[in-house]
Every structure is written in structure tokens, then in C-alpha cells.
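Residue numbers (the numbering used here): 1 to 89.
Next comes the structure, spelled out in C-alpha cells:
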């Protein structure tokens with residue numbers, strides 16, 4: 001599990017891993033489209049991201065087109081106001 005010198009990506013992969021039932025999670029692992037993370041896990045993930053990084057996108061704003069992989073999650077979370085994700089602005 002390594003985002004190769006991207007602490008934000010590493011932090012997201014670490015946060016997502018417990019929801020993935022032992023399946024290894026990489027930067028481009030499809031989570032939503034593969035069914036690895038379902039709707040209940042997604043709600044839990046958003047709550048976890050808010051607790052861990054101070055902000056999370058709204059559930060209505062996420063989907064398989066923009067929040068499917070840890071890399072996509074990083075981009076959306078980094079653009080979320082108030083995010084304390086490493087490297088966020």
C-alpha cells in the first residue's frame with residue numbers, strides 16, 4: 001500500500017483498507033464500481049474521512065465517476081473546503 005511519496009494518498013488507502021474485507025488497496029483500486037465498497041461502507045467511509053481529515057464531500061456529490069479509487073478520492077477530498085488531508089489547500 002503505497003502512493004509513492006504522496007502522504008495524502010497513503011492516508012486515504014490506509015483509511016479505506018479496513019472497509020475492503022482484506023482485499024489489497026492501491027491508488028487505482030476500483031472500490032465502488034467493483035462492489036468492494038457498497039452504500040453502507042461508503043457512508044461509513046465519508047464519516048471516517050470527516051473525522052480523520054476534518055471534512056468530507058457530501059454523499060450526493062460522490063459516485064463511481066469521481067470517487068471510485070483512492071486517487072479520485074484524494075482529488076475530491078483535496079478540493080473539499082476545510083479538508084486537513086495532507087497536501088490539501
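Note that the Cβ used here is the ideal one computed from N, Cα and C, for glycine as well.
CB contact check: residue i to chain C, cutoff 8 Å
i, result
"residue 26", "Included in the structure is just one protein chain, with no chain C present."
Check whether residue i and residue j have beta carbons under 8 Å apart
i, j, result
"residue 7", "residue 70", "no"
"residue 83", "residue 63", "no"
"residue 59", "residue 46", "yes"
"residue 33", "residue 68", "yes"
Unbroken alpha helix (DSSP H) run spanning residue i, endpoints
i, result
"residue 7", "7-16"
Neighbourhood of residue i by C-beta distance below 8 Å, restricted to the same chain and skipping five residues each side
i, result
"residue 1", "At residue 1 the pLDDT is 48, less than 50, meaning the model places this residue with poor confidence and gives no usable figure here."
Residues near residue i by beta carbon distance below 7 Å, same chain, minus five either side
i, result
"residue 90", "Here the chain comprises residues numbered 1 to 89, so residue 90 is not present and cannot be evaluated."
"residue 28", "69, 71"
Nonlocal neighbours in the same chain, by C-beta distance under 6 Å from residue i, ignoring five residues either side
i, result
"residue 57", "76, 80"
Next on the checklist: Suppose only complete runs of 4+ residues qualify. What are the alpha helix (DSSP H) ranges in the region 11-70, listed by chain order?
Outcome noted: For the region 11-70, whole alpha helix (DSSP H) runs of length 4 or above, ordered along the chain, are 39-53.
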